[in-house]
Structures are given as C-alpha cells and as structure tokens.
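Student: Numbered according to the numbering used here, the sequence shown spans residues 4 to 253.
Think of the CB as a built atom: it goes at the ideal place given N, C-alpha and C, for glycine as much as any other residue.
My structure is below; once you've seen it, I'll send some questions.
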Amino acid sequence: HNTALGSATGNTTVQSGATLQISSSTTISTENLTINGSGVSASSGALVLSATGNYSSGTITVASDSKLLINGLVTDPEVILGAMSGPANTLNINLASGRQVSQSAPANLNKLAFTGSAGIANFLNTGNTVNTIAAEIGSLSFVNSTDLTVGTVNPSGITATGIVSPSTVSGDLHVNAPITTSNLGSSNTPITLNAGTSSAAGTSTGGDIKIASGVTITSTGGGRTTLYTGGVTGSTGINNVVSYGSGNFR
4 HNTALGSATG
14 NTTVQSGATL
24 QISSSTTIST
34 ENLTINGSGV
44 SASSGALVLS
54 ATGNYSSGTI
64 TVASDSKLLI
74 NGLVTDPEVI
84 LGAMSGPANT
94 LNINLASGRQ
104 VSQSAPANLN
114 KLAFTGSAGI
124 ANFLNTGNTV
134 NTIAAEIGSL
144 SFVNSTDLTV
154 GTVNPSGITA
164 TGIVSPSTVS
174 GDLHVNAPIT
184 TSNLGSSNTP
194 ITLNAGTSSA
204 AGTSTGGDIK
214 IASGVTITST
224 GGGRTTLYTG
234 GVTGSTGINN
244 VVSYGSGNFR
C-alpha cells in the first residue's frame, strides 16, 4: 500500500549492496527514495519493481551509480516512474521479460542506460536533462530538453529490435556510438533522430545532429532512417548516413 515504507516525511534510503523490492499491486506514490548501487546480486537492483509494483510519483534520488530492475511478466502493466535525480551519476534501468516503462516527471541524470532485449522504454518528458544515453532494448523513444549524446554507458550505443527515436527539444544530438535495430516490427521508419524538435521546419537554429567519425546507423531489417537537423553547416557526419542537399534538412 502507499504507506508501506512508513510516513512519507521520513523518506527511505537503500544503501549500496541492499535491495528494496516492491511488488503485488503495491504502489508507492508519495515517499521520496534514495538509491545506491546495483543491489544484493548481479541479477538484482537497488530498487526492484516486480509484477504490478510501482514507484510512481515520489522522487528517486540516484545518490551513486545505481540499477533499477523491472521484472515480472510481459503482460504486467507498464511501470510509470516519477522524478529521478542524480546529475552526477548513472542509472541503469533493466527491463526483464519485455516489461515497459515510461515517466510522469523529468529525469535529471548524468548517464542513463536501458537494458533488456525485449523491453520498451518511452521517456518522453520534455524536461529530461540527461547527458548520455545507451541501450540494448526492444524499443526506445527518448526526449531530452537540451544537448544529448548517444554514447557509452554500459552498454555502448543503442542496439534494438524495434523503433529507436532519440531527440532534443532544443540542443544538439551527438551520436558518438553506433545505433542499430533489427526492425522486427517492420516499421517504415525504425530509426528517427531529431535535434531541436521545438524549431519549425525551415529554421536552421535550435539543434543539429553531430555524428562522430566512423559511427554507423543501421536498420538491418529494412525501413528508412530519418534525420531532422538544423542545417548542413552546423551538422557533422550526416553525409555518411544519408545524402543531403536542399530540402533534406530542417
């Protein structure tokens, strides 16, 4: 129940090497939580949300590099996370058994990784401020308010079986590690990169896509890779992915 951890004014801290597991239709929606570490074992997490367990609106403070495990069945409901804060730290969200996760409030983290080969992550809050993301996942849609890097966390880059869609509201999208999907769902647009979604078509400011030398963007299952960038002048590496010219950029 909502007060399973006691009074919400007291908060709860999970120390490194410990695990807090929430399950069986229990939703903690008011108490703030601080987590540390990756849990009691490699297959666990500092916070484990099982089956219909959820942590929906209290702030989760990532006080050190930490892991959050969401397990159960693919038929279990989507987990909706509240605010997450750890601007100097890394959070790994592991989605077991095809679980799904979204958010009701922004994430403010240094690095964020999603793992779980069939998991689905939809982090679409326009207030997100995350420096670097990476994933080995089913599908990933991610929106960041400012500059965002697809880089090395653990794993490196983004490997998916479905849709991949990282974007910024205002700021550059840096692709410093490979992005690949097998596109098992046969989407027409399995990969979409968008820098500066708040800028109107025809506007060259607001954000550019910058792809590092040698980095590949690939859909092995077909479909189109779509890039929305501010302009050719401010962008880098896009000619290695798509041909460009007048009308082929924002």
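If you follow the beta strand (DSSP E) that Gln106 is part of, which residue opens it and which one closes it?
Tutor: Its beta strand (DSSP E) spans residues 103-106.
Student: Whose C-alpha, out of Asn113, Asn243, Glu81, is nearest the C-alpha of Tyr58?
Tutor: Here the closest residue by C-alpha is Glu81.
Student: Would you mind reading off the limits of the beta strand (DSSP E) that contains Gly119?
Tutor: It spans 110-126 - the beta strand (DSSP E) in which Gly119 sits, taken as one unbroken run.
Student: Output needed for Thr219: all residues of its chain with C-beta closer than 6 Å, excluding positions within five of it in sequence on either side, in chain order.
Tutor: The residues are Pro181.
Student: Measure the C-alpha to C-alpha separation of Ser159 and Ala137 and round it to an integer number of angstroms.
Tutor: Distance between the alpha carbons of Ser159 and Ala137: 6 Å.
Student: So what's His4 in DSSP terms, helix, strand or just coil?
Tutor: Note that His4 has pLDDT 49, beneath the 50 cutoff, so the model's placement of it is unreliable and the number below is only indicative. Here His4 sits in coil by DSSP.
Student: Buried or exposed: which applies to Ser168, given that a residue is buried once 16 or more other Cβ atoms fall within 10 Å of its Cβ?
Tutor: Under this definition Ser168 is a buried residue.
Student: DSSP beta-bridge partners for Asn131?
Tutor: Bridge partners of Asn131: none, in fact.
Student: Measure the C-alpha to C-alpha separation of Val17 and Leu94 and round it to an integer number of angstroms.
Tutor: If you take the alpha carbons of Val17 and Leu94, they lie about 14 Å apart.
Student: Is there contact between the segment 221-229 and the segment 200-211, where contact requires at least three CB pairs shorter than 8 Å?
Tutor: Counting Cβ pairs under 8 Å, fewer than three are found: no touch.
Student: What residues are listed by DSSP as bridge partners for Gln24?
Tutor: Paired residue(s): Val51.
Student: Given this structure, state the Cα-to-Cα distance separating Val235 from Leu98, to the nearest angstrom.
Tutor: Cα-Cα distance, rounded: 37 Å.
Student: Looking at Ile212: is its Cβ nearer than 8 Å to the Cβ of Asn243?
Tutor: Result no, Cβ atoms of Ile212 and Asn243 do not sit closer than 8 Å.
Student: Do Gly56 and Thr29 come within 8 Å of each other at the CB atom, strictly closer than that value?
Tutor: For Thr29 and Gly56, yes; Cβs fall inside 8 Å.
Student: Does the separation of the CB atoms of Asn3 and Asn147 fall below 8 Å?
Tutor: This structure does not reach residue 3, given that the chain is present from 4 up to 253, and the question cannot be answered.
Student: What is the rounded straight-line gap between the Cα of Thr162 and the Cα of Ile140?
Tutor: So the alpha carbons of these two residues sit roughly 6 Å apart.
Student: Taking 8 Å as the threshold (C-beta atoms), are Thr64 and Gly85 in contact?
Tutor: Contact: no.
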